[in-house]
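A.B. asks: Let me begin by handing over the structure; questions about it come next.
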Amino acid sequence: MKQLKIKCWIEEDGEKFYGPGPHILLKEIQKEGSLSKAAEKMQLSYKKAWEMVQRLNLGSNHNLVNLKKGGQHGGGAEITPHAFQIMSAYELLQDKIKELIKAEDELMNVLKKD
161 MKQLKIKCWI
171 EEDGEKFYGP
181 GPHILLKEIQ
191 KEGSLSKAAE
201 KMQLSYKKAW
211 EMVQRLNLGS
221 NHNLVNLKKG
231 GQHGGGAEIT
241 PHAFQIMSAY
251 ELLQDKIKEL
261 IKAEDELMNV
271 LKKD
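Residue numbers (our numbering): 161 to 274.
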C-alpha cells in the first residue's frame, strides 16, 4: 500500500540542526535526566549524543540542554525551558503535517490508478 510521508527538519547553513533525531534525544534526556541513559535508549554512542547536544546548544540563542559533570555519582542532564518550547513547537508542526497528509488525497488517488 502506498503512503504519503513527509520528513521535516530545520537546517542552518545547509546542515541539519533539529529534526526527529535531536527531538527524540531531548525527550529521552527529559525522561532519564541523563545524557548517557538517553544515548543508550536510542542506541547511540555517548560521543554521538554529546555532539548532538553541543550542536543544539551552540546553534541556539539559549542552551537546550544543561549538562552537569559528575559521572555516576552526581552528573546528569536536563533540558531547559527553551528546549521545551522548541520541542512543543516541533510536535505541533508534526501534528499539522499529519493533518495535511490526511487531507491530501488527490495524489494518493492518482497513484492508486497506477
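Note that the Cβ used here is the ideal one computed from N, Cα and C, for glycine as well.
1) Please give me, in chain order, every unbroken run of the alpha helix (DSSP H) with length at least 4 that falls completely inside the segment 198–232.
2) Going along the chain, which residues of its own chain have a beta-carbon closer than 7 Å to the beta-carbon of residue 147, five neighbours each way excluded?
3) Just how far apart, CA to CA, sit residue 272 and residue 215?
4) Just tell me which of 163, 269 and 244 has its CA closest to the CA of residue 185.
5) Quick test of the definition: if touching needs 3 or more C-beta pairs under 8 Å, does the segment 172–186 touch the segment 247–264?
C.D. replies: Considering the structure as presented:
1) 206–218
2) What the structure shows of the chain is the stretch from 161 to 274, and residue 147 is not part of that stretch, so it cannot be assessed.
3) On the sequence shown, residue 272 is found 112 positions in, with the first residue counted as 1. On the sequence shown, residue 215 is found 55 positions in, with the first residue counted as 1. Distance between the alpha carbons of residue 272 and residue 215: 42 Å.
4) As a position in the sequence shown, residue 185 is number 25, starting the count at 1. Measuring from the Cα of residue 185, the nearest candidate turns out to be 244.
5) Pairwise C-beta distances place the segment 172–186 in contact with the segment 247–264, as three or more of them are shorter than 8 Å.
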